[in-house]
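Asks: Quick one: this structure, given as structure tokens, is what I'll be asking you about.
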Amino acid sequence: MASTIALPVRGLRLAARAPILANPLNLVALALIAVFAFCALFAPLIAPYDPLLQDLGSRLMPPSLAHWLGTDSLGRDIASRILYGARIS
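The sequence shown begins at 10 in the working numbering and counts up one residue at a time.
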């Protein structure tokens, strides 16, 4: 007669989680997802400009200290638009 070992449920959860956290690449991916979620949740506090505000005098500007990723053809800040776009996705 074959004998079986019954593992407690908690042991199975730890056993399933251990390989995921052991790989450094998984930790990097988890950190990136956490940063993305943080930016999406707190976009109104992080974004330097209103994503819909048009400034035709500042259109198609390259990245600078004022506009981290530059501006689009209507003068809207690209970094702010990406942060607010993360909320939707």
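Yeah, the Cβ is synthetic: ideal placement off N, Cα and C, and Gly gets one too.
State the Cα-Cα distance for the pair L109 and P28, rounded to the nearest angstrom.
Replies: Here the chain has residues from 10 to 98 only, and residue 109 is not among them.
Asks: Thinking just about the alpha-carbon of each residue, which of P57, H76 and T80 is nearest to the one in R68?
Replies: Your numbering for residue 68 matches position 59 in the sequence shown. The shortest Cα separation from R68 among P57, H76 and T80 belongs to T80.
Asks: Just reading off the alpha helix (DSSP H) that Y93 is part of, what are its end residues?
Replies: For the purposes of this step, residue 93 is identified with residue 84 of the sequence shown, where counting begins at 1. Per DSSP, Y93 belongs to the alpha helix (DSSP H) from I87 to I97.
Asks: Can you round the beta-carbon distance between A95 and F45 to whole angstroms, since I take them to be within the 8 angstroms contact cut?
Replies: Locating residue 95 in the sequence shown gives position 86, counting from the first residue. Locating residue 45 in the sequence shown gives position 36, counting from the first residue. Confirmed, Cβ separation roughly 6 angstroms.
Asks: Would you mind reading off the limits of the alpha helix (DSSP H) that contains A49?
Replies: Position 40 of the sequence shown holds residue 49. Note, A49: alpha helix (DSSP H), P33 to L50.
Asks: Quick one: what's T13 bridged to in DSSP?
Replies: Within the sequence shown, numbered from 1, the residue matching residue 13 stands at position 4. According to DSSP, which records beta bridges pairwise, T13 is partnered with nothing at all.
Asks: Based on Cα-Cα distance, which residue from L41, G66, W77 and S73 lies nearest to A56?
Replies: Here residue 56 is taken as the residue at index 47 of the sequence shown, counted from 1. For the residues L41, G66, W77 and S73, the minimum Cα distance to A56 belongs to W77.
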